[in-house]
Amino acid sequence: AVLCIHAHARAFVWEWMAFAARFAPGPLRRGSLPAALSTAAAAAYSFGGRSGGGDSESSVLVHRRVLQAPRPLLHGATSASPARCEGPQRTNLPKVCVVGDIFVDVVAKVQGLPQWDTDTEAEYVKILPGGSALNQARNLQALGAEVRFIGSLGDDSFGQMLTRHCQGQGFLMKWVKVFKDLPSSVCIVLTGAHDRGFVSCYSTTKAFGTADVEERLDALDGCTHFHVGGYFNIGGIHNAKFTDIVKRYRAKGVTFSLNTQYDSSEAWTGSNGHLQELLPHTDMLFVNESEAHMICASILGGKGSPDQLLRSYPQMTIVMTKGKDGADVLRAGQPTLHVPTKPLDQVVDATGAGDAFLAGFLSGYLANRGTGQPEDQILRAACQRGHAAAGVCVCREGACVEPVRSQDL
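377 is the number that our numbering gives to position 373 of the sequence shown; each next residue is one higher, with no gaps.
The structure is reproduced here in C-alpha cells:
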C-alpha cells in the first residue's frame, strides 16, 4: 500500500529492500543500518522529486538495484552475483585512468517525431546511463582492469540517479566533478522503426575542462595507461595544458589512448586544431571507419587515408572498427592486421557496441603487453576480445545498463 501512495515513499522502500536483500538473513554490519536509512531517504528525495509519483519505466535506475541484489539461497547454495563493475580478483590488474564524457540517456520509442503543439505517444520512456567514456570505463573495469574515472555531472536528480547506479555496481565515482549550478548533460533519444533523432544538453560536458582534470590528477597515481573517451564532446580539454599533462605522464612510462567519437561540429580537428597537437603523443587511436576517414580528410586534406595519417604520426597504432566487417589494426610500415567478427543471430540494441569493443580490446591488450608474446598475436587476441564484448553488448538493451564482464564473454 505504501508503494502506491507517493514516489518518495516508493523510492525509500526500493532502497530499503535492496539493503535488506543484501544482508538478510545474515548479521548486520556495524553502522550499516543508519547508512541504509540515509541512502533510502536520499533516494526518496531525489527520485520522488523527479518522477512526481508516476510508476513508469523511467525508474529503471533505482529499481534495478533491487532486482540485482544478491539473495541467499536455502541449503547452503550461493546466489549468482549481480551485474557489477568489479573485474576478477587479481593482483596484477592493469591500472587505467579514463577521462571523458558522461550523459544520462532518456530514450523514448515513438512511431514518429513530434510536431509543435501536438502530443506524441511513446511506447516507453527509459532513463539509462550513457556517455562514451563512462561506458568504456565501466566495461573496462568489469573486464578486469582497475579503473579511475574523471568526468562531470550536475547536482540534480539525473546526476544523483546515475551516481547511485554506478556505485551500486562497485564503480568509483569519487573523481567525478559535480557542478552545483548546472544540470547534468542529458541526451533525449527518440527512436522509431527506421531511424532515431536526438536532443542533447551538453551543459556539464562543455563546462568540464583541463583545470578539473588537474585537480584530480591523484587518479593517475600508479596507473600504467591513460585513456580519453568522447574527445570531441569535451572541448574544455582541447588546449596545450591538457597536452602537457599527457606528455608529462608519457615521460613517466604511462601509455595514452584516444577515442574521438562523432564530432557534432563537423570540423574533426578539435578546438583550434588541438587534435593535431595531441596525436604526436597518442599511442593508440580508436575510431570507427567513418570517423577515421573524416579525421584524415580534415587533417591531411582531400581524401587522406589512415595509412597516410600514420606517416605523420608513426608512433601511433590505429584501431578502426568496421561494424559487421570486424576491425583493422594499422601501424606505420606494417601490413594491416584485419580481425573479422562472427555474425550474430540477433541484435537487440547496437548502441554502445563500439564502447564495449574498446573496453574488451584494452583489457586484453594491457593485460598481455610486455609478456613476450608477438605483437601481432597480442593485437589479434585483443580485437577478438573486443568483438566478444561488443557481441554481448548488442544482445542487451541500452549502451551499458550493465557492464560486460569477463564471464559473459
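Ideal placement from N, C-alpha and C gives every residue a C-beta, glycine not left out.
Assuming residue i and residue j make a contact with CB atoms under 8 angstroms, what is their CB distance in whole Å?
i, j, result
"LYS181", "PHE212", "6 angstroms"
"ASN243", "HIS278", "7 angstroms"
"ALA301", "PRO318", "With 8 angstroms as the limit, ALA301 and PRO318 do not qualify as a contact, their Cβ atoms being about 20 angstroms apart."
"TRP272", "MET288", "With 8 angstroms as the limit, TRP272 and MET288 do not qualify as a contact, their Cβ atoms being about 19 angstroms apart."
"ALA331", "GLY390", "7 angstroms"
"LEU413", "VAL396", "7 angstroms"
"HIS229", "THR264", "Contact doesn't hold; Cβ gap of about 18 angstroms is too wide."
"MET320", "LEU283", "7 angstroms"
Using three-state DSSP, classify residue i as helix, strand or coil.
i, result
"PHE212", "coil"
"TYR235", "helix"
"SER261", "strand"
"PHE153", "strand"
"ILE106", "coil"
"PHE246", "helix"
"PRO407", "coil"
"HIS285", "helix"
"HIS198", "coil"
"VAL351", "coil"
"VAL182", "strand"
"GLY368", "helix"
"GLY134", "strand"
"GLY374", "coil"
"GLY172", "helix"
"GLY240", "strand"
"LEU383", "helix"
"ALA271", "coil"
"PRO310", "helix"
"CYS397", "helix"
"GLN319", "coil"
"ARG389", "helix"
"TYR266", "coil"
"ASP412", "helix"
"TYR253", "helix"
"GLN164", "helix"
"ALA360", "helix"
"ARG220", "coil"
With 16 other CB atoms within 10 Å as the buried threshold, where does residue i fall?
i, result
"GLY402", "buried"
"ASP109", "buried"
"TYR253", "buried"
"ASP222", "exposed"
"LEU117", "exposed"
"GLU127", "exposed"
"GLU270", "exposed"
"GLN179", "Strictly speaking, residue 179 in this sequence is Trp, with Gln absent from that position. It is buried - the Cβ of TRP179 has at least 16 other Cβ atoms within 10 Å."
"PRO347", "exposed"
"LYS130", "buried"
"GLU218", "exposed"
"ALA357", "buried"
"THR345", "buried"
"ALA141", "buried"
"ALA360", "buried"
"GLY305", "exposed"
"THR325", "buried"
"ALA155", "According to the sequence provided, residue 155 is Gly. The question's Ala does not apply to it. Classification of GLY155: buried, given that the 10 Å Cβ count is 16 or more."
Do residue j and residue i have their beta-carbon atoms positioned less than 9 angstroms apart in this structure?
i, j, result
"GLY104", "ALA149", "no"
"CYS387", "VAL351", "no"
"LEU366", "SER261", "yes"
"SER189", "ILE106", "yes"
"CYS170", "GLY134", "no"
"PRO187", "ASP225", "no"
"ALA394", "GLY368", "no"
"VAL291", "VAL323", "yes"
"THR247", "GLU281", "yes"
"TYR235", "GLY274", "yes"
"GLN115", "THR122", "no"
"LEU144", "VAL100", "yes"
"LYS251", "HIS285", "yes"
"SER316", "LEU147", "no"
"LEU176", "VAL405", "no"
Would you list the residues sitting across from residue i in a DSSP beta bridge?
i, result
"ASN292", "THR325"
"HIS229", "VAL100, THR259"
"SER204", "CYS191"
"HIS297", "Paired residues: none, contrary to the question."
"VAL343", "ALA331"
"GLY277", "DSSP output for GLY277 lists no bridge partner at all."
"ALA112", "VAL129, LEU194"
"GLY158", "PHE183"
Using 8 angstroms as the cut-off, classify the Cβ of residue i as near or not near the heavy atoms of the ligand NAP, replying yes or no.
i, result
"ALA394", "With respect to the ligand NAP, the structure shown offers nothing to examine, as it has no ligands at all."
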